Amino acid sequence: MSLAVDEARLIDLRAWRAALLAGADVGALLRARHARLAADRAPAAWIHLADLPALAERIDALNALSRQSADRAALIAAYPLFGMPFAVKDNIDAAGMPTTAACPAFAKTPEQSATVVQKLLDAGAVLFGKTNLDQFATGLVGARSPFGAPSSVCSPPHVSGGSSSGSAVAVARGEVLFALGTDTAGSGRIPAGFNGLVGLKPTPGRVSTAGVLPACRTLDCVSIFAHTVDDAAAVLAVIEGADTADEYSAFLPGRARFEGVRPRVLVPEGLALAHDGYGAGWARALETITPLADSVTPIDLEPLYQVARLLYEGPWVAERYSVVRTLIESQPEAMDPTVAAVIGRARQFDAVATFQAQYQLQRARQALNALWADADILMVPTAPRHPSHAALAADPIGVNAELGQFTNFVNLLGWCALAVPGGLSATGLPFGVTFIARANDDAALAHWARTWEAAFTQRAPDESPPHPAPAVEATMPIAAVGAHMSGLPLNRQLTERRAVLRERTQTAPRYRLYALAGAAPARPGMVRVDEHGVALDVEVWNVPVTEVGSFLALIPSPLGLGTVELANGERVHGFLCEAAGLHGATDISAFGGWRGYLATRSAAPTVPNPSPGLAQTARVS
Numbered sequence: 181m182s183l184a185v186d187e188a189r190l191i192d193l194r195a196w197r198a199a200l201l202a203g204a205d206v207g208a209l210l211r212a213r214h215a216r217l218a219a220d221r222a223p224a225a226w227i228h229l230a231d232l233p234a235l236a237e238r239i240d241a242l243n244a245l246s247r248q249s250a251d252r253a254a255l256i257a258a259y260p261l262f263g264m265p266f267a268v269k270d271n272i273d274a275a276g277m278p279t280t281a282a283c284p285a286f287a288k289t290p291e292q293s294a295t296v297v298q299k300l301l302d303a304g305a306v307l308f309g310k311t312n313l314d315q316f317a318t319g320l321v322g323a324r325s326p327f328g329a330p331s332s333v334c335s336p337p338h339v340s341g342g343s344s345s346g347s348a349v350a351v352a353r354g355e356v357l358f359a360l361g362t363d364t365a366g367s368g369r370i371p372a373g374f375n376g377l378v379g380l381k382p383t384p385g386r387v388s389t390a391g392v393l394p395a396c397r398t399l400d401c402v403s404i405f406a407h408t409v410d411d412a413a414a415v416l417a418v419i420e421g422a423d424t425a426d427e428y429s430a431f432l433p434g435r436a437r438f439e440g441v442r443p444r445v446l447v448p449e450g451l452a453l454a455h456d457g458y459g460a461g462w463a464r465a466l467e468t469i470t471p472l473a474d475s476v477t478p479i480d481l482e483p484l485y486q487v488a489r490l491l492y493e494g495p496w497v498a499e500r501y502s503v504v505r506t507l508i509e510s511q512p513e514a515m516d517p518t519v520a521a522v523i524g525r526a527r528q529f530d531a532v533a534t535f536q537a538q539y540q541l542q543r544a545r546q547a548l549n550a551l552w553a554d555a556d557i558l559m560v561p562t563a564p565r566h567p568s569h570a571a572l573a574a575d576p577i578g579v580n581a582e583l584g585q586f587t588n589f590v591n592l593l594g595w596c597a598l599a600v601p602g603g604l605s606a607t608g609l610p611f612g613v614t615f616i617a618r619a620n621d622d623a624a625l626a627h628w629a630r631t632w633e634a635a636f637t638q639r640a641p642d643e644s645p646p647h648p649a650p651a652v653e654a655t656m657p658i659a660a661v662g663a664h665m666s667g668l669p670l671n672r673q674l675t676e677r678r679a680v681l682r683e684r685t686q687t688a689p690r691y692r693l694y695a696l697a698g699a700a701p702a703r704p705g706m707v708r709v710d711e712h713g714v715a716l717d718v719e720v721w722n723v724p725v726t727e728v729g730s731f732l733a734l735i736p737s738p739l740g741l742g743t744v745e746l747a748n749g750e751r752v753h754g755f756l757c758e759a760a761g762l763h764g765a766t767d768i769s770a771f772g773g774w775r776g777y778l779a780t781r782s783a784a785p786t787v788p789n790p791s792p793g794l795a796q797t798a799r800v801s
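Under my numbering, the first residue of the sequence shown carries the number 181, and numbering increases by one thereafter.
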């Protein structure tokens, strides 16, 4: 008998996992949540809600995994987001769901999900739908959409922030556990600040943007909304990584934590916030961080503001124009007038201006990166004020521009950022601060932000969060085809070396698989062939480079590591078998992989590979 749980009380990853480990039925939780959203979801936050047949198919696949695994803890370890409902901003592709970018005339229904969506599905998460945004992700207010303007969950007269408005509101209302947005100018941080959430914006290139409709292709980041720093970091750990489908992918693990006992913090010099009680909020933030920091040093932000102005006053706006050029030139009436006006500025820039701006930015990057020689974190308010819908209507461009004061420069400089709640102002509006760090310090920033979170909420940080963590060291992808896969006898040789499962996929159709004679424990041998090859199931594990040598020493002849071609054309290291080792072996290629073969024998795996049903619903749910 399953445990009865009120799904509305499960708003973060820890609570959801605890409910499942206590015996809650994942299907019952998901159906109850979907029914709640169908009856009463956030006004104007959603563009597309997954339908019941798609949800039922996904639940069936998850239940099939549950039935095959007697150990629920092991199942959740293998699928760290098992059954967790999430949403994505509607400029991120999800197979079978329309992508509109808040412009119906631009809508399309993709056959393939964005890399980040597929990674979440492969980790067991359940996509509930697509959320509203400022059209073409152009805006920080959340009001430039034909699907409506969401409000802050803390104050309905005030804007939700944008452009990832719907994703933030859906998380803040407890409709999903986490959501994806995008962030070019602050679209993953401003809505977090206006709704009392954590908003994680990774280093550009750390998370793939393949399958994401560009705003500024060279600057775009996929962002994460969550209730806690741990939750945001756990989702980052699932979606980060190099991606050959993204030409701007540039994944480099960084430090696990800052080097000192306490970080060296920079803050704006002489900052005065005159609106919405934010001045008192900023004073409280300074008071909170002072005992947590090794030093707090005021600096002049004017050089950063100069960089920020390039984003909309410089030629980067032409990147936005390149995405919607056909539409804006042939159907300008199909676009939001303010969005069209902002993007239309691109016509004033030529190639000379573009290169001049790039030179200006590069000089600024060189100078400003020197800040990190004596500092770990820059702390700024997430926004200078929280405008009302009425104030925005009176000055739609001016108010929006003001909101980017502390956000617009970050991606241009290639840095990472994490927005966190900073309490409510005297007027009852949410105030937030953002911690900014140099490129690739994402993991260190998240680790330290837990300290802030604990100090601000006056709760001790949980020292053993049950979540995956962002990568902090160089790794080598290794494709496992047999007993080293999740839940099988030799998997511990990977996990003992801190290896992390990157993905479950297949090889290119150029291999045969054999059950080796006399091997103990039973294991297969994979060989590349010129003819009659098939695609085989594999798991790709990211193994720390420092551990590869000791791992290789454990691999007995006739097996070894060679180059394996994956279904997407990527080549990684992986297990291959010498031809001489096939004497007396049985060809098991027809089973599609080692798990498929084991399923026909009595020694079934402890933690199953995704069933065909799960893989199928990952593409359509």
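Glycine is no exception: its CB is placed at the ideal position from the N, C-alpha and C atoms. Since this is a predicted model, take the numbers as computed values, not measurements.
I need the DSSP call for residue i, collapsed to helix, strand or coil.
{"i": "Arg363", "result": "Residue identity check: residue 363 is Asp in the sequence provided, not Arg. Here Asp363 sits in strand by DSSP."}
{"i": "Asn580", "result": "helix"}
{"i": "Ala412", "result": "helix"}
{"i": "Ile658", "result": "strand"}
{"i": "Gln292", "result": "coil"}
{"i": "Glu683", "result": "strand"}
{"i": "Arg211", "result": "helix"}
{"i": "Ala406", "result": "strand"}
{"i": "Val185", "result": "coil"}
{"i": "Val497", "result": "helix"}
{"i": "Pro233", "result": "helix"}
{"i": "Thr766", "result": "strand"}
{"i": "Arg444", "result": "strand"}
{"i": "Tyr428", "result": "coil"}
{"i": "Val652", "result": "coil"}
{"i": "Leu670", "result": "coil"}
{"i": "Leu380", "result": "strand"}
{"i": "Ile191", "result": "coil"}
{"i": "Glu676", "result": "coil"}
For residue i, count the other beta carbons within 10 Å of its own beta carbon; 16 or more makes it buried, fewer makes it exposed. Which is it?
{"i": "Ser801", "result": "Low local confidence applies: a pLDDT of 30 at Ser801 is under 50, so the model's placement there is unreliable, and no value is given."}
{"i": "Val752", "result": "buried"}
{"i": "Pro330", "result": "buried"}
{"i": "Pro448", "result": "buried"}
{"i": "Ala606", "result": "exposed"}
{"i": "Gln511", "result": "exposed"}
{"i": "Tyr458", "result": "buried"}
{"i": "Val504", "result": "buried"}
{"i": "Gln682", "result": "The question names Gln, yet the displayed sequence has Arg at residue 682. Buried, by the Cβ-count rule."}
{"i": "His664", "result": "buried"}
{"i": "Thr139", "result": "Coverage of the chain is limited to positions 181 through 801, which leaves residue 139 absent and any answer about it impossible."}
{"i": "Tyr691", "result": "buried"}
{"i": "Ile191", "result": "buried"}
{"i": "Pro701", "result": "exposed"}
{"i": "Gln546", "result": "exposed"}
{"i": "Ala574", "result": "exposed"}
Using a Cβ-Cβ cutoff of less than 7 angstroms, which residues in the same chain neighbour residue i once the five nearest sequence positions on both sides are dropped?
{"i": "Phe327", "result": "Ala224, Ile227, Ala282 and Asn312"}
{"i": "Ala305", "result": "Leu261, Met264 and Phe266"}
{"i": "Ser429", "result": "Gly385, Ser388, Ala422 and Asp423"}
{"i": "Leu200", "result": "Val206, Arg252, Ile256, Phe262 and Gly263"}
{"i": "Pro650", "result": "Ala413, Leu416, Ala417, Glu420, Asp622, Ala623 and Ala626"}
Return the Cβ separation of residue i and residue j in integer angstroms, given the expectation that the two are a contact with Cβ distance under 8 angstroms.
{"i": "Ile523", "j": "Val560", "result": "In fact, because the Cβ distance is near 27 angstroms, the residues do not count as touching under 8 angstroms."}
{"i": "Ala412", "j": "Leu380", "result": "4 angstroms"}
{"i": "Ala599", "j": "Ala372", "result": "4 angstroms"}
{"i": "Arg618", "j": "Trp595", "result": "6 angstroms"}
{"i": "Val333", "j": "Thr362", "result": "That pair is no contact at about 20 angstroms."}
Using a Cβ-Cβ cut-off of 8 angstroms (strictly less than) and excluding sequence neighbours within five positions of residue i, which residues of its own chain qualify?
{"i": "Ala760", "result": "Pro738"}
{"i": "Ser568", "result": "Pro337, His338 and Val339"}
Take residue i and list the residues in its own chain whose beta-carbon comes closer than 6 angstroms to its own, dropping the five residues that flank it on each side.
{"i": "Arg194", "result": "none"}
{"i": "Pro495", "result": "Phe529, Ala533, Thr534 and Ala537"}
{"i": "Gln585", "result": "Pro564"}
{"i": "Leu399", "result": "Thr364 and Asn591"}
If we define contact as Cβ-Cβ less than 7 angstroms, is residue i a contact residue for chain B?
{"i": "Ala413", "result": "Looking for chain B here will not work: only one protein chain is present."}
Complete beta strand (DSSP E) runs within the stretch 308–359 (minimum length 3 residues, chain order): 335–339
- prompt: What are the complete beta strand (DSSP E) segments, minimum 3 residues, inside the stretch 454–479?
  reply: 475–479
field: Residue ranges of each alpha helix (DSSP H) within the stretch 510–582, 4 or longer
entry: 517–524, 531–548 and 569–574
task: Can you check the stretch 250–294 for any alpha helix (DSSP H) of at least 4 residues that lies completely inside it and give the ranges in chain order?
output: 252–258
Ranges of the alpha helix (DSSP H) found wholly within the stretch 590–644, counting only runs of at least 4: 622–637
query: Can you list, in chain order, the stretches of the beta strand (DSSP E) that have 3 or more residues and sit fully within the stretch 708–773?
result: 717–724, 739–745 and 751–757
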